[in-house]
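Before any comments, here is the structure.
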Amino acid sequence: MKSAVPILILFLAASCIAFPAAAEVYYSASTPQIITKGDTFVVSGIGAKNGTVALWVIGREYFDVRTVTPDRFGNFSLVYKPTDTMKFQNGQYAVVFQDPGQSGSFEIGPGKDTGGNLTVMNRGKIIFRLGRLEDLPGNVQQETEALASSAQLEGVDDTFLVRYFSVDKPSIYIDGIIPASDSRLPDISTGERIVISGTTNIRRDAAIHAVVSEAGSGTAITTKDISITPGSSLNGWSYVLEEPGLEPGKYRITLSSAAMGSDERAAANFTVKNADDKVPSHQLPPPLPPAESSLPDWSDKLLILGIIFVGAVIVYTLTKE
């Protein structure tokens, strides 16, 4: 199973002091620099010319050290299966790449003391203790920097490179939910195409299962599997129900994925209304009647009386003369 977004981490010029060959290492991620719990996690590299290399993965309640032998070109790859990453917890994790140096053998290695504490050892001698597995924190920067600093010990030619990533539980997020509305989406008109979209940290090769049901009874109206599309920070998804959409009523959309486990869901409620019940916000007031019809009826009579009055004045004036 291939994860979503490969992220290439180059060893910069300063790192070339640690690695005689121009080495590179990269790992796959569900979304950039985020590993989603339960996803396949692949760490690969090139330019490892000193023989077998080691990869340490350290994080909250997790500690694992594995070795892999590069091919004759110095390429290597190590796969952490979903059964491995299901043990990850939310928080910061580190991948520590260990090269044996020109000696071709490791001086630094993992161990455990009689009290059950995880240790780092120099040719079998404890140089520091990491603590118990269940006590490893969500921020392991101090532990990994201590490991990397062991390369400075006398007689040690092992070299280390530390890279950090975050682990998050698989989640689905729905866009457009009205704030403080108890997960309610804006109303939709019957007869319209329905589009509900959002984001997720689930890998692209997984699928999201969508169920639209009656809000009251919970009776399923329609179901479909929708694909996950790549995004810049999170992946995306979009549920589309073509015209004529749904009958008027109250509905609930529920989204799930096998990657989330059977108990995890994302849901939102929405109402479909008759198109006639929805008054457009841009409706204009009715136009005013024409100017000639805007005068009251009595104005015509007043005009006639005015003409008669003026005529009477004229007749009176002529008669008097």
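Residue numbers (the working numbering): 27 to 347.
Ideal placement from N, C-alpha and C gives every residue a C-beta, glycine not left out.
In this text, all values refer to a predicted model and were calculated from it rather than measured experimentally.
- When the beta-carbon positions are compared, ASN261 and ASN227 come within less than 9 Å of each other.
- Across the set PRO108, GLN178 and GLY77, the C-alpha of PRO108 shows the shortest separation from the C-alpha of ASP65.
- Assigned with DSSP and collapsed to three states, SER176 falls in helix.
- For ASP110, the enclosing alpha helix (DSSP H) covers residues 108-111.
- Bounds of the beta strand (DSSP E) holding ASP251 are 246-253.
- GLN167 carries a helical assignment under DSSP once its states are collapsed to helix, strand and coil.
- Minimum Cα-Cα distance from ARG230 among the listed residues ASP161, THR62 and ILE254 corresponds to ILE254.
- Between ALA55 and GLY85, the CB-CB gap reaches or exceeds 9 Å.
- Within 10 angstroms of the beta-carbon of PRO256 lie fewer than 16 other beta-carbons, which makes it exposed.
- For ILE84, the secondary structure class from DSSP, reduced to helix, strand or coil, is strand.
- Under DSSP, LEU281 shares a beta bridge with ALA236 and ALA292.
- Secondary structure note for THR185: its beta strand (DSSP E) is the uninterrupted segment 185-194.
- Three or more beta-carbon pairs drawn from the segment 123-137 and the segment 73-85 are found closer than 8 Å, and the two stretches are therefore classed as touching.
- Within the same chain, Cβ atoms closer than 6 Å to the Cβ of ALA241 are found at LYS276, TYR277, ARG278 and ASN295, the five residues on either side in sequence being excluded.
- Under the three-state reduction of DSSP output, GLU160 falls in the helix class.
- Straight-line spacing of the CA atoms in VAL266 and ARG210 works out to 18 Å.
- Taking the C-beta atoms as reference points, PRO196 is found nearer than 9 Å to MET286.
- Short of 6 Å from the beta carbon of LEU187, and not among the five residues preceding or following it, lie these beta carbons of its own chain, in chain order: PHE123.
- Of TYR88, LEU272 and ASP251, the smallest CA-CA separation from THR280 is found for ASP251.
- In the DSSP assignment, MET286 falls outside any beta strand (DSSP E) and carries neither an H nor an E.
- In the structure shown, ILE203 adopts coil according to DSSP, grouped into three states.
- Looking at ASN116, ARG98, LYS138 and THR62, the one whose alpha-carbon comes closest to that of VAL91 is LYS138.
- Residue pairing by DSSP places VAL69 opposite TYR53 and LEU104 in a beta bridge.
- Shown here for PRO212: same chain residues with a beta carbon closer than 8 Å to its own, the five before and five after excluded, namely GLY202, ILE204 and PHE296 in chain order.
- Residue environment: PRO270 is assigned as exposed (fewer than 16 neighbouring CB atoms within 10 Å of its CB, all protein chains considered).
- When C-alpha distances from SER215 are compared across LEU173, GLU268, ALA174 and GLN118, the shortest belongs to GLU268.
- The DSSP-derived three-state label of ALA120 is strand.
- Taking THR225 as reference, the option from SER282, ASN148, LEU81 and ARG149 with the minimal CA-CA separation is SER282.
- GLY71 is not a Cβ neighbour of PHE114, given a cutoff of 9 Å.
- The C-alpha of LEU104 lies about 12 Å from the C-alpha of VAL83.
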